[in-house]
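Using UniProt numbering, read the sequence shown as starting at 1 and increasing by one per residue.
Note that beta-carbon positions come from the ideal geometry of N, C-alpha and C, so glycine has one too.
Contents: one structure, followed by commentary.
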Amino acid sequence: MIKRTILTAACSILGFISASGYATAETIGRLECSVVGAASQEPIGDRDGHRLASVQFACFGADGLLKDAVYTGSATTEWDGPHGTFLSAGGIYRVPGGLAVSQAIEGTSSVVMKDGKPVGNESSGKTRFKFASGALAALSEKTARFEARPTGGGRFSLEYTADSATDTVGTAKQ
């Protein structure tokens with residue numbers, strides 16, 4: 001009897017979620033990235049740990065609409081201790097027969113520690129595809145959420161999802 005009650009409750013919850021229109025965000029693409037050169041860090045000078053950091057990176061599309069894309073970008077972040085706020089970020093995505101340009105709208109970062117040592121940082125926020133053409137035209141004027149996670153040795157994974165269920169980008173490239 002108790003199993004039937006649990007099963008009924010679980011099915012009811014799943015039915016409610018489906019009926020309410022709850023959906024996961026559409027994945028636009030995932031890229032594997034590497035930092036190019038050394039990140040520059042400049043102390044601002046008003047207090048300890050307050051600094052500007054600038055980094056350039058290059059990425060290769062692993063999944064979704066951005067599969068096989070080459071992305072070159074940069075980011076400038078204001079850091080206050082282990083927490084950062086994006087001041088500017090973006091870049092250019094290139095695929096055969098397509099091109100897109102993005103600009104971060106907002107973003108935050110935090111230092112990732114392992115065994116008491118910094119191993120990279122995690123970032124998340126929103127970006128706007130200001131221009132897109134050809135094979136990437138579906139991204140034109142779309143807003144996307146991004147998440148970046150360190151994968152080790154100056155490398156990170158960058159994933160984009162549609163900003164909302166109504167802001168889809170069309171069929172993902174397989």
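Could you name the residues of the same chain whose beta carbon sits closer than 7 Å to that of D163, not counting the 5 residues immediately before and after it, in chain order? Counting only Cβ-Cβ distances below 7 Å, and skipping sequence neighbours, we find K126, T143, A144 and R145.
Determine the direct distance from the alpha carbon of A132 to that of A138, and round the result to whole angstroms. A138 and A132 have their alpha carbons spaced roughly 7 Å apart.
For residue 217, which option in V111, G134, A58 and D115 has the closest C-alpha, if you only look at C-alpha atoms? The question about residue 217 has no answer, for the chain in this structure spans 1 to 174.
By Cβ distance, which residues of its chain are closer than 6 Å to residue 177, with the 5 residues on each side in sequence left out? The displayed coordinates of the chain run from 1 to 174. Any statement about residue 177 would go beyond what the structure contains.
Determine the extent of the beta strand (DSSP E) in which R51 is found, giving its start and end residues. First-last of the beta strand (DSSP E) with R51: H50 to G64.
Fully enclosed by the region 80-141, which beta strand (DSSP E) runs are 3 residues long or longer? 83-95, 98-114 and 117-134
Nearest-angstrom Cα distance between Q174 and T161? With a pLDDT of 36 at Q174, under the threshold of 50, the predicted position of this residue should be treated as unreliable, though the coordinate-derived value follows. The straight-line gap from Cα to Cα measures roughly 16 Å.
Spatially closest choice to I44 from E26, T77 and E159, by CA coordinates: When each option's Cα is compared against that of I44, the closest is T77.
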